[in-house]
Structure formats: structure tokens, C-alpha cells
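Counting in my numbering, the sequence shown runs from -1 upward without gaps.
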Amino acid sequence: MGELMLGKRVLVTGVRNKWSIAWHTAEALHREGARVAFSVFGEREEAGLRKLLTDSGMEDAPIAHCNATDEAQAVALMETIGAAFDGELDGLVHAIAFANRDDLSGEYVNTSREGFSVAHENSVYTMVSLARAARPLMNKAGGGSLVTLTYLGAERVVPNYNVMGVAKAALEASVRYLATDLGGENIRVNAVSAGPIKTLSASGISGFDGMVKHVAERSPLRRAVTPDEVGDAVLFLLSNLARGITGETLYVDAGYHTMGM
Ligand code: NAD
Ligand code: IMJ
């Protein structure tokens, strides 16, 4: 157990199961002494999370429900979190993405107007809305740190990533604009760009295993990245060690993005 996050209160969104990047982040935060609260999408996630928490010594952690595309739910979430944390919040992890499955195969040119909107509502605007709702709590805490998760498909064409790539590009740009808006209040906003990891959000994606193998073979570290390595990088950005960093995208991908071929 470390002390990097001692006294810090952090809200973690996006835990679905033990493979979730958000779960590995929460474990890292707990290890470093943070008080962690959770926001999950629905009942199904809550039951699973309760069990994970019990097995990891975090049984007292508050769990709230929030479909983050609903503005009222995002605002209500921060009221619940404020009540749990004396009206203050030091960190927020945004680990939320969703596109219609139909839009994650075939040609991007065929993305429907509706599918484009679903991907952006869930994967981009949720970050904007949660940042706005968290702002007063972070302000009261004297500052804060928001971290979201992104992927290389924002900048390069990755087969089948399609509309999610376009949404992640908007998410990365949002990080820079949010960082500028909130920087005067000592609130930092950053993204971690993770290499491919086998989570539920990666299951059923055609050719995914082949992609992980391809990346592992070509990365400078010659292996895939693990979810606990991503969690540790998110922890770093949430911690005081990263106090001079904002508006940044930090790659945690075994170095894959640096390669020319
Ligand atoms: P995951 O399926 O475990 O997590 C995705 C989460 O998003 C789920 O908990 C789901 O409930 C939540 N979610 C979706 N829509 C929501 C909404 N409207 N309101 C609230 N919650 C909602 O998968 P993961 O891989 O851990 O994904 C977490 C983040 O990491 C995502 O942003 C994803 O794009 C990103 N990422 C994943 C990889 C990878 O290879 N797995 C790589 C880079 C980035
Ligand atoms: C997802 C689709 C296609 C290629 C992909 C991915 N690659 C990677 C992912 C190469 C690494 C995982 N990723 C980075 C994501 O952001 C996934 C987002 C996602 C996944 C699903 C699957 C189930 C569903 N909707 C989804 N929406 C977003 O119905």
C-alpha cells in the first residue's frame, strides 16, 4: 500500500466487470490510499461491482447509478457524490464509451446519422457533462483532476473502429478545451490512450485477437499492455505528481504508437 492518493476522493465511472479498465484503476487508487466512489450504468453492473469490492477490501465504497447521457442523472450523481464526500471531489475517471455494434464493422462511410449521434452522445458528451457537474465539487476541494480513456483509432485508421475513432478524436479535442476552461480553477483534464486490451468492450469485435497479437509483435516493449498498467497511468494523472500536466494525451501502449511501420 502506497500513499500517493491519501486523503483524495475519486469518482470512478465505467466499471462493468473485473476486466474493465476502470476496475483496475480503482484497485490502483485504493492501493494508494484514495477514497473511491463508483458510478455504474445499471443494476447488473452494481451486483457485480459489490462482489468485486468485497473481495478487494473496498466494501464500504459508495455506488451510484448513472446513465451519463441523461443530464439530470449526471447532476443527481454529483449530488450523491457530494453527500458522500463532504461536498468535495478531487478526481474523476471517465471510462465510458458506446457505439451501436453495427457501426463497428464494415465501412465508416455507411455510418447512419443516428449511429454517429449515439457514439458521440455516449463517448464524448458524457465527458463534457460529467466535467461540468463535477466542477463545483472540485472547486470546493481547491482543484481536481479528470482523466478519460481514449484509443489510437482517434488519429489513425484502425479496421472496424470507424465511428468510435471519430468520437475519440472529438473526445481528445474536448480534453484540450475542457483543460483550458477549468485550468483557472486548478482542475486538470487529461486522457490516457491505452493499447488494445481484452475487455467486454473489445469482445465480439471481429479480428480483435489478431490485432492484439499484431500490436504486441511490433511494440517497442514487444508485448501487449495490461489493464493494471493503464490503471497506474490514470492514477499518476490523478495524483499530485502530475500537477503540471493538463490537456495531454498520455500513451500507455507499450510504445506502439511511436512506430513508423
Ligand atoms: P468496459 O466495457 O468494461 O467499459 C465500458 C463502460 O462504459 C461500461 O462499464 C459501460 O457500462 C459504460 N457505459 C457505456 N455507456 C454508458 C453511459 N451512457 N452511461 C454510463 N456508463 C456507460 O470496457 P473498457 O475497455 O474498460 O472501456 C473503458 C474505456 O476505455 C472506454 O472509453 C474505451 O473506449 C477505452 N479504451 C479501451 C481499450 C480496450 O482495448 N479495451 C483501449 C483504449 C481505450
Ligand atoms: C472496438 C471496435 C473495433 C476495433 C477495436 C475496438 N479495437 C479496439 C477496440 C482495435 C482496441 C476497443 N476500444 C478501444 C473501444 O473503445 C471500444 C468501444 C466500444 C465497443 C463496443 C462493443 C459492443 C457494443 N458497442 C461498443 N461500443 C464501443 O455494442
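For glycine and all other residues, C-beta sits at the position ideal for the given N, C-alpha and C.
Assuming residue i contacts residue j (C-beta within less than 8 Å), just tell me the rounded distance between them.
i, j, result
"residue 151", "residue 163", "4 Å"
"residue 250", "residue 223", "6 Å"
"residue 91", "residue 10", "5 Å"
"residue 80", "residue 6", "So it is not a contact: roughly 15 Å between Cβ atoms."
Is residue i helix, strand or coil when you go by DSSP?
i, result
"residue 123", "helix"
"residue 247", "strand"
"residue 185", "strand"
"residue 114", "helix"
"residue 37", "strand"
"residue 167", "helix"
"residue 91", "strand"
"residue 195", "coil"
"residue 210", "helix"
"residue 154", "coil"
"residue 2", "coil"
"residue 19", "helix"
"residue 62", "strand"
"residue 14", "coil"
"residue 80", "helix"
Report yes or no: do the stretch 165 to 181 and the stretch 226 to 243 share at least 3 C-beta pairs separated by less than 8 Å? no
Any residue with its C-beta under 6 Å from a non-hydrogen atom of the ligand IMJ counts. Can you list them all in chain order? 95, 96, 97, 99, 102, 149, 156, 158, 159, 162, 194, 199, 200, 203, 209
Quick check: the stretch 37 to 52 against the stretch 241 to 255, are at least 3 beta-carbon pairs closer than 8 Å? no
Counting pairs of beta carbons, one from the stretch 126 to 141 and one from the stretch 200 to 218, are three or more of them closer than 8 Å? no
Segment contact flag, the stretch 42 to 51 with the stretch 111 to 128, C-beta cutoff 8 Å, min 3 pairs: no
Would you list, in sequence order, the uninterrupted alpha helix (DSSP H) runs of no fewer than 4 residues that lie entirely inside the stretch 209 to 243? 225 to 236
Three or more C-beta pairs under 8 Å: does that hold for the stretch 120 to 128 against the stretch 58 to 70? Because the criterion of three Cβ pairs below 8 Å is met, the stretch 120 to 128 and the stretch 58 to 70 touch.
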